[in-house]
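Asker: Sharing a structure here in structure tokens format.
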Amino acid sequence: GRTVITFGTFDVFHVGHVRVLERAAALGDRLVVGVSADALNVSKKGRPPVYTQDERMEIVRALRVVDEVFVEESLEAKRDYVVGHGADVLVMGDDWAGKFDWVSDVCEVVYLPRTPSVSTTGIIEHIAGL
Ligand code: C2G
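This is how it looks when you write it as structure tokens:
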């Protein structure tokens, strides 16, 4: 079987997240998802996500297309996560195009087009303006 791995924050879960996970799952037989740690988001974006990592993992784990979930502690550990989970292909949305090509010595790397006009930031701004 072919194992697919993908990564993300998946904060304020939305249809763009579902679609990228469904398309990632369709590329193999088993989908493993690294959900970024709260601490990683603080260091990356300067603020924690709206939902905690336990809540974000619980949501992603509940999806029919997801087989396994783990905490992504570091952006630089991709190669270790790929090898550790026996992944054959790493999938990311194309906002990350080219950024993880350095992992292509241990697996195939695929960037999928993002779903247009939906984002966590947009949802937060929408709600803040109500
Ligand atoms: N995504 C998408 N369409 C959108 C929004 C997001 O396809 N409209 C995809 C992103 O391209 C990504 C996944 O959904 O593949 C998760 O997006 P984020 O939660 O924004 O993840 P991010 O904070 O970019 O974390 O190691 C990589 C990081 O953990 C990625």
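Counting from 1 along the sequence shown, just add 16 to a position and that's the residue number in my numbering. No residue lacks a Cβ here, since even glycine has one placed at the ideal position from N, Cα and C. Quick caveat, the model's predicted, so the values are computed rather than measured.
Which same chain residues, not among the five before or five after R46, have their C-beta less than 8 Å away from its C-beta?
Answerer: Only G17, R18, T19, V20, D83 and E84 meet the Cβ criterion.
Asker: Grab me the residues of F23's own chain with a C-beta within less than 6 Å of its C-beta, minus the 5 sequence neighbours each way, in chain order.
Answerer: G50 and E88.
Asker: Does the ligand C2G have a heavy atom nearer than 8 Å to the CB of W112?
Answerer: Within the cutoff, so yes.
Asker: Measuring straight from C-alpha to C-alpha, what distance separates G138 and V105?
Answerer: Each residue's alpha carbon lies about 30 Å from the other.
Asker: Given 8 Å as the limit, tell me if G44 has its C-beta closer than that to any heavy atom belonging to the ligand C2G.
Answerer: Flag unset: Cβ of G44 not near the ligand C2G.
Asker: Between the C-alpha atoms of V126 and N57, what's the straight-line distance to the nearest angstrom?
Answerer: If I take the Cα positions, the gap works out to 23 Å.
Asker: In whole angstroms, give me the CA-to-CA distance for R39 and E71.
Answerer: The straight-line gap from Cα to Cα measures roughly 23 Å.
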